[in-house]
Amino acid sequence: MPKPKRSTVADYIDAAPPEARKALKEIRAILKSVAPKATEVLKWGSPVLEEGRILFAYTAHKSHLNFMPTRTTLDVFRKELADYKTGKDTIQFPYGQPLPKALIKKIAKYRAKDVRENGALWMG
């Protein structure tokens with residue numbers, strides 16, 4: 045049976061596994077505090093915040109939360125992210141560990157500033 049289509053970020057969070065919901069709510073609050081005027085939408089089935097262009101996205105997985113602030117942003121923080129599994133454009137935060145809220149906020153602020161001041165692209 046196919047998964048029902050989610051229409052809002054709140055629907056996405058409500059439909060996530062119980063172990064993911066707390067982390068999703070936490071990262072959502074952090075990102076919204078950094079970009080309070082950003083529009084919150086679902087793109088490709090994932091929560092996204094955008095201001096004319098995508099600032100960042102996040103997704104729930106079986107055992108972790110993915111945060112996607114773009115590769116160029118992650119490159120600036122590689123040393124601080126050494127303890128986390130990262131991909132080209134993503135950071136994984138396991139559900140059994142507290143979210144590094146200060147680090148997420150720092151990364152999000154950098155990305156938002158880069159977009160606002162330099163027109164940084166999504167996945168550019």
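Positions in the sequence shown are counted from 1; adding 44 to them yields this note's numbering.
In this text, a Cβ means the ideal position worked out from N, Cα and C, and glycines have one as well.
These figures come from a predicted structure and were not determined experimentally.
- In the DSSP assignment, E94 is bridged to T83, I98.
- In the structure shown, the three-state DSSP call for P62 is helix.
- DSSP places L125 outside both helix and strand once states are collapsed to three, so it counts as coil.
- Put simply, the backbone Cα of A104 is about 8 Å away from that of P61.
- Taking the Cα of R65 as reference, the smallest distance to any Cα among E161, K149, P138 is reached at P138.
- Residues of the same chain with a CB within less than 7 Å of the CB of A59, apart from the 5 flanking positions on each side, are R50 in chain order.
- Remark: C-beta atoms of I57 and K76 do not approach each other more closely than 8 Å.
- Between the C-alpha atoms of Q136 and E124 there is a straight-line separation of about 13 Å.
- In terms of Cα proximity to K145, the closest of F111, K129, L99 is F111.
- Closest in alpha carbon position to A67, among K106, E94, P80, is K106.
- Beyond the five residues adjoining it in sequence on each side, P80 comes within less than 8 Å, by CB distance, of no other residue in the same chain.
- Closest by C-alpha distance to T130, out of Q141, T114, P142, G140, is T114.
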